[in-house]
Ligand SMILES: [Zn+2]
């Protein structure tokens, strides 16, 4: 079993691994071309793509159109790219907490880093604000007493550290695989 297969297994995604791998490779190659974010929504059970592929900017994408397509009693996986190859931003995880139908959020970096977040229990949309506040509090603690260049170097690895340490307190599970796609 490869590290990707293992991560897909951990996140309950192996039944749609071929669809996921194809989409991840495709989205990554689009982001490599023009350095903006792309997003795709999948049905969790069938791996079928819903709606159109959305395009954003560098570091920003509006994905409400995807969430408006989700039916109440179905489960979905949302995938988007990060041109800077960073881990999840707070809004990425807010989506997961806000929508009960969303089972996983996956981010693929331009450098091939793969970040996965999935639910390990019932999540609570009220936790969105707790997550955002905790993120801000720990980020401030992290950057206090540091020079600006240190801060800039620090933020990207820190995103990974933040999600590793805190996902389980929101009933979420997080995995990152370096340069695998
Ligand atoms: Zn994002």
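Residue numbers (the working numbering): 37 to 217.
For each residue, glycine too, the CB sits at the ideal point set by N, CA and C.
Being a predicted model, the structure only gives us computed values, none of them experimental.
Check whether residue i and residue j have beta carbons under 8 Å apart
i           : j           : result
residue 197 : residue 47  : no
residue 75  : residue 152 : no
residue 182 : residue 173 : no
residue 111 : residue 135 : no
residue 8   : residue 195 : The structure shown does not extend to residue 8, since the chain is modelled only from 37 to 217, so the question has no answer here.
residue 62  : residue 50  : no
residue 202 : residue 175 : no
residue 119 : residue 95  : yes
Near ligand 1: residue i beta-carbon under 7 Å from a heavy atom
i           : result
residue 125 : yes
residue 143 : yes
residue 70  : no
residue 102 : no
residue 136 : no
residue 128 : yes
residue 116 : yes
Integer Cβ distance of residue i from residue j, believed to fall under 8 Å
i           : j           : result
residue 217 : residue 144 : 6 Å
residue 141 : residue 150 : Not a contact, Cβ separation roughly 12 Å.
residue 157 : residue 139 : With a Cβ gap of about 12 Å, residue 157 and residue 139 do not count as contacting.
residue 97  : residue 116 : 6 Å
residue 78  : residue 52  : 7 Å
residue 66  : residue 87  : No, residue 66 and residue 87 are not in contact; Cβ-Cβ is about 16 Å, not under 8 Å.
Cut-off 7 Å between Cβ atoms - residues of its own chain near residue i, not counting five sequence neighbours on either side
i           : result
residue 219 : The structure shown has nothing for residue 219, since the chain only spans 37 to 217.
residue 121 : 145, 146, 147 and 149
residue 206 : 133, 159, 163 and 167
Sequence-distant residues of the same chain with beta carbon closer than 6 Å to residue i, five excluded per side
i           : result
residue 204 : none
Other residues of its chain near residue i: CB distance less than 8 Å, five sequence neighbours each side excluded
i          : result
residue 93 : 72 and 73
residue 54 : 83
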